[in-house]
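Q:
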Amino acid sequence: MRAVALTEFGGPNVLHIIDLPEPHAGPGQVRVRVRAAAVSPADTLLRAGVHAAAMRGLTGPFVPGMDIAGTIDEIGSGTTTELVLGDPVMAMVLPVVPGPGGALSYHGGGYAEYVVLPAEWVVRAPQGLDHADAATLPMNGLTALLTLDQLALASGSVLAVTGAAGALGGYLVQMAAAAGVIVVADAAPTDEALVRKSGATEIVTRGDDVARRIRELHPYGVDAVVDAALIGPRMLDAVRDGGSLALIRGAGEPGGYAAHGERRITVRAPFVPEYAGRPDRLAEIRRLTETGVLVPRVARTLPASGAPDAHRLLAAGGVRGRLVLTF
-15 MRAVALTEFG
-5 GPNVLHIIDL
5 PEPHAGPGQV
15 RVRVRAAAVS
25 PADTLLRAGV
35 HAAAMRGLTG
45 PFVPGMDIAG
55 TIDEIGSGTT
65 TELVLGDPVM
75 AMVLPVVPGP
85 GGALSYHGGG
95 YAEYVVLPAE
105 WVVRAPQGLD
115 HADAATLPMN
125 GLTALLTLDQ
135 LALASGSVLA
145 VTGAAGALGG
155 YLVQMAAAAG
165 VIVVADAAPT
175 DEALVRKSGA
185 TEIVTRGDDV
195 ARRIRELHPY
205 GVDAVVDAAL
215 IGPRMLDAVR
225 DGGSLALIRG
235 AGEPGGYAAH
245 GERRITVRAP
255 FVPEYAGRPD
265 RLAEIRRLTE
275 TGVLVPRVAR
285 TLPASGAPDA
295 HRLLAAGGVR
305 GRLVLTF
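If you're matching positions, the sequence shown starts at -15 in my numbering and goes up one per residue.
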């Protein structure tokens, strides 16, 4: 089968189309004929070798990709599932999985024509969505859902979201607003209409001093902040005493940081693999999409051979929506 893979870590140019043995579904598994795979910042971290030390001893080639959409084309013997051959589906894929002592094991990513997964990792795609739109949902949708589940904000609470115009930030704003949460979002002037359409009640100008601008609107601080823009510990300044701050990347990843709770602030660190194998949560993403709460945004589709260009576009910034590779 065709796949986009790397045999060494580095810039986008290390990504190449290669032929790999075609995988087949075993007991408890299904095979997805991938038609679309979304490109995420997590893919670029894998490609660049951010996890190289933890992956020492593993041999490539390594296939990135955490989001796929396509059709069921094989169901393993003895597998119990409501899915049938030909169903349009979506799934989150974990190319590398943490193991004992922090070491990672490699399971293969979504930039491939075929992906085999446990049946419970895969759900039907939202009705009426094409494969490219469906591929934008799983990882960012589950990350947003896990974050809001952890924060457990009541209706009427105030949530500030940085990076609100981005793919993850947009889903956070949409979900929170639909749950009755008052959303304060950052945005550049050119993105204000987009962010307000997502459901933001109040908008502040983006930038390093966004915490100060949030405090100007809410002098006692907001109930919670999700720092999807990776601004840093200064976002604690926007949170009220006893509130919460959610970090999207860990301290060991580029742009990530450690934030120590002050003034009884709870620091959350949502880790999306916790929702792998949770069909109830992925089905919730489908429901939210079918009811119009979540609106997928595809910035651009590229053929699989355009993976290096997709990674360059993502690194350049300013992408509104997801870049999607088609197979």
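Built from N, CA and C at the ideal position, the CB exists for glycine as well.
Grab me the residues of residue 13's own chain with a C-beta within less than 7 Å of its C-beta, minus the 5 sequence neighbours each way, in chain order.
A: Along the sequence shown, read from residue 1 onward, the residue named residue 13 stands at position 29. Result list for residue 13: 60, 63, 100, 101, 102 and 103, in chain order.
Q: Can you tell me which of the three DSSP states residue 27 falls into?
A: Within the sequence shown, residue 27 is the residue found at index 43, counting from 1. If DSSP states are grouped into helix, strand and coil, residue 27 belongs with the helices.
Q: In this structure, how does DSSP classify residue 231 when only helix, strand and coil are distinguished?
A: Residue numbering aside, residue 231 sits at position 247 when the sequence shown is read from its first letter. It is a strand residue.
Q: Which same chain residues, not among the five before or five after residue 145, have their C-beta less than 8 Å away from its C-beta?
A: The sequence position of residue 145 within the sequence shown is 161, counting from 1. So the list reads 153, 156, 157, 160, 167, 168, 169, 170, 184, 209, 210 and 212, once near-sequence residues are dropped.
Q: Return helix, strand or coil for residue 1, following the three-state DSSP convention.
A: To locate residue 1, count along the sequence shown from 1; it is residue 17. In the structure shown, residue 1 sits in a strand (DSSP, three-state: E or B).
Q: Taking the alpha-carbon positions, what's the residue 199 to residue 206 distance?
A: The sequence position of residue 199 within the sequence shown is 215, counting from 1. The sequence position of residue 206 within the sequence shown is 222, counting from 1. Looking at the two C-alpha atoms, the distance is approximately 8 Å.
Q: Buried or exposed for residue 93, please, with buried defined as at least 16 other CB atoms from any protein chain shown within 10 angstroms of its CB.
A: As a position in the sequence shown, residue 93 is number 109, starting the count at 1. Counting Cβ neighbours within 10 Å, residue 93 comes out buried, since at least 16 surround it.
Q: Specify the secondary structure class of residue 380 as computed by DSSP and reduced to three states.
A: The first residue shown for the chain is -15 and the last is 311, placing residue 380 beyond what the model contains.
Q: Buried or exposed: where does residue 204 fall if 16 or more other Cβ atoms within 10 Å of its Cβ makes it buried?
A: Working through the sequence shown from its first residue, we reach residue 204 at position 220. Its Cβ having fewer than 16 others within 10 Å, residue 204 is exposed.
Q: Use the C-beta contact count for residue 124: other C-beta atoms within 10 angstroms, 16 or more gives buried, fewer gives exposed.
A: For the purposes of this step, residue 124 is taken as the residue at position 140 of the sequence shown. The residue in question, residue 124, is buried, as its Cβ has 16 or more Cβ neighbours within 10 Å.
Q: To the nearest angstrom, how far is the alpha carbon of residue 271 from that of residue 147?
A: Position 287 of the sequence shown, counted from the start, is the residue given in the question as residue 271. Position 163 of the sequence shown, counted from the start, is the residue given in the question as residue 147. Roughly 24 Å separates the two Cα atoms.
Q: Between which two residues does the alpha helix (DSSP H) holding residue 182 run?
A: To locate residue 182, count along the sequence shown from 1; it is residue 198. 176 to 182 is the extent of the alpha helix (DSSP H) around residue 182.
Q: How is the beta strand (DSSP E) around residue 73 delimited, first residue to last?
A: As a working note, residue 73 is residue 89 in the sequence shown. Element bounds for residue 73: 72 to 76.
Q: Which residue marks the beginning of the beta strand (DSSP E) containing residue 52, and which one marks its end?
A: Taking the first residue of the sequence shown as position 1, residue 52 is located at position 68. Note, residue 52: beta strand (DSSP E), 51 to 59.
Q: Given that a residue counts as buried once 16 or more other Cβ atoms are within 10 Å of its Cβ, and exposed if not, what is residue 289?
A: As a first step, residue 289 is located in the sequence shown; it is residue number 305 there, counting from the start. With fewer than 16 Cβ atoms within 10 Å of its Cβ, residue 289 is classed as exposed.
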